[in-house]
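Below is one structure, written out as structure tokens; the observations come after it.
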Amino acid sequence: MRKVNRNTVRKFDAILLPFLALLFLLNSLDKSNIGNAETAGFTYDTGLSRQDIHTSMGIFFFVFVALQPVGAALGRRFGMRRYVPACMSLWGLSTILHIYVRKRWHLIVLRIMIAILEAGFYPTTVSYMSLFYTKFEFATRLGFFYGMTAVAGVVGGVLSWAVFSEFPGQHDDPTAPEVPPRVLRAPDSTGWKSWEVLFLIEGCMTMTVALIGFVWLPKSADSAWFLNGEERAWAESRMRADTYPDEVKSKQGHESLSRHDVVSAFFNYQIWHLLVCNVLSAIPATAFGVLLPILVKELSPSLNLLVPIMWGLFLLLVGLTLTVLAPIDNYWLRYFSLCVLLSGSFIASPLTVAWLANNTPEPGKRAILLGINGWGNLAGVFVSVLFTPSDKKTGYVKSFSILLVCVLASLAGFAAFRFLIVRENKRRRDVLRSWSDEEKEREELLGDVPAPDDYRMRIARSIGLLKLARKAGLEEDRKGDERLTFRYDL
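Residue numbering for the sequence shown follows my numbering, starting at 533 and increasing by one per position.
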């Protein structure tokens, strides 16, 4: 069966994973294209202000964050192959409608629409991926998938450069970027402006790929159109072997969600600990996913059309420290610091998602946890008020200093989380030593063996939180990672 397994995984890697990565690439482009559009005079042409960009971005992330669990639940209910392509088609259309923005409320309404439609994309897609890859394969594939966030910056920069080379920018705006010499149209041309073409191309790309998704994406591993009969059967059986006996993903499918799943996810202390760390660590990546074109443009006029290079050799703290300490007028050093900073910005988030996916056997609870973890995009709300036009003269030193503190706090939080997980695994081992083999087997199958409360249960019971959870639908029996026979991976 080794050959069958190898062929099955290779087909997933060659046919399914690249398409999911393409979806995420387009998702990242449509979320951040407003920054590239601004470097071509978007606000100048539409009569808006730079502050309107920050306001719309803050509102976008507020709505986007608030609806993450809702989007995850809807994705779980309707299934990846229907829910995500439908949402992508609509947010692609919303991207195209940016062409007609002329007032502030136009921009805000469109960003809200995109936020609503994108809210469930990430948790739904990641949960969907976990139906095809075992926990030993998942982290590597998730790293490739999440890496599209960085690739989107490169693709967006190259696409913007190509569009700006052929279509005019706004020459009358003293802060607008220089238009390449290949542009032949007059400044007052009534033809397409560069930012209009950018929104049109990216929106059409998203809608086209979304329509393909309706027929490309299989419902589950055992129904994948690109596998033969033997490979489908093996894909099914290997995922069964990767789960607990009663947590069979293929039987639950991708459209099952119980009340216990929702309540258990919201009353899970781990997700709230990770969420705080995720917010703090995600601020740099969120900031520069949207604002990097604007910040780079303001470093020096000669850098307007350069595409930032992903160095990948230094960590986030090194880049932040260099950015804060570098002289304001040393453009090249500060630009280099931004590249270093970016190389470490995309590490924490995918590893957090991989940990949650690998340590949550029940698909329904996993989907909700990933949705709650998506609240880490709350970082975008902070970013909208952290980097403002008024800080331009000081080189954003104060903003970068705040980022440095946030990342240090996040590092301490992740270290504390690891300590808590090690201690929890030790507690479970100690409990199991006092049990008979029959009790261990019953716990693994049913999760109803009487066990001593830990300090969290005692606190929850004393403040009435456990009673509230029971009323909300939390079952008495332990399930999945709640069972004392389960060990958390580190």
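From the three backbone atoms N, C-alpha and C, an ideal C-beta is built for every residue, glycine too.
- DSSP places Leu935 in the helix class (H, G or I) of the three-state scheme.
- Counting the other Cβ atoms within 10 Å of the Cβ of Leu1022 gives fewer than 16, which makes it exposed.
- A residue is called buried when at least 16 other Cβ atoms come within 10 angstroms of its Cβ; Arg965 does not meet this threshold and is exposed.
- Residue nearest to Ile585 within the set Ala948, Phe610, Val641 is Val641 (criterion: CA-CA distance).
- For Ala1001, same chain residues with a beta-carbon under 7 Å away, outside a window of 5 residues either side, are Val795, Phe799 in chain order.
- With respect to the 9 Å criterion, Gly607 and Ser659 are classified as neighbours on the basis of their beta carbons.
- Rounded to the nearest whole angstrom, the C-alpha separation of Leu691 and Ala618 is 25 Å.
- As summarised for the stretch 970 to 995, the continuous alpha helix (DSSP H) elements at least 4 residues long and confined to that stretch are 987 to 994, given in chain order.
- Taken through DSSP and simplified to helix, strand or coil, Val808 comes out as helix.
- Taken through DSSP and simplified to helix, strand or coil, Pro617 comes out as helix.
- Residue range 726 to 748 is occupied by the alpha helix (DSSP H) that includes Gly745.
- If you draw a straight line from the Cα of Glu973 to the Cα of Glu956, it is about 20 Å long.
- Judged by DSSP in its simplified three-state form, Tyr665 adopts coil rather than helix or strand.
- Put simply, the backbone Cα of Leu1016 is about 8 Å away from that of Gly979.
- Taking all protein chains in view, the Cβ of Gly761 is surrounded by fewer than 16 other Cβ atoms within 10 Å, so the residue is classified as exposed.
- Ranked by how close their Cα comes to the Cα of Phe676, the residues Leu998, Lys999, Trp623, Leu555 have Leu555 in first place.
- In the DSSP assignment, Glu698 falls within the unbroken alpha helix (DSSP H) covering 680 to 698.
- A check of alpha carbon separations from Pro982 across Ser994, Ile991, Ala992, Ser968 identifies Ser968 as the nearest.
- In this structure Phe699 does not touch Ala647 by the C-beta definition: roughly 28 Å separates them, more than the 8 Å allowed.
- Phe1018 carries a coil assignment under DSSP once its states are collapsed to helix, strand and coil.
- Counting only runs that start and end inside the stretch 876 to 908, the alpha helix (DSSP H) elements of at least 4 residues fall at 880 to 890, 895 to 905.
- Cβ neighbours of Asn905 within its own chain (closer than 7 Å, five residues either side excluded): Ile803, Leu806, Leu807, Asn810, Thr884, Val885, Leu888.
- The continuous stretches of alpha helix (DSSP H) do not include Lys751, and DSSP gives it neither H nor E.
- Taking the Cα of Gly624 as reference, the smallest distance to any Cα among Lys1003, Met737, Val747 is reached at Met737.
- Restricting attention to Leu732, Arg673, Trp757, Trp907, the CA atom closest to the CA of Ala598 is found in Trp907.
- By the C-beta criterion, the stretch 727 to 736 is judged to be in contact with the stretch 626 to 638, since at least 3 inter-stretch pairs fall below 8 Å.
- Taking all protein chains shown into account, Gly567 has 16 or more neighbouring C-beta atoms within 10 Å of its C-beta and is therefore buried.
- Within the model, the alpha-carbon separation for Phe594 versus Arg534 is close to 47 Å.
- Taking the Cα positions, Leu552 is about 43 Å away from Gly996.
- Within the same chain, Cβ atoms closer than 7 Å to the Cβ of Trp757 are found at Pro750, the five residues on either side in sequence being excluded.
- It is roughly 8 Å from the alpha-carbon of Val541 to the alpha-carbon of Tyr665.
- Annotation: Ala880 to Ala992 spans about 29 Å, alpha carbon to alpha carbon.
- In this structure, the alpha-carbon of Glu894 lies about 33 Å from that of Leu940.
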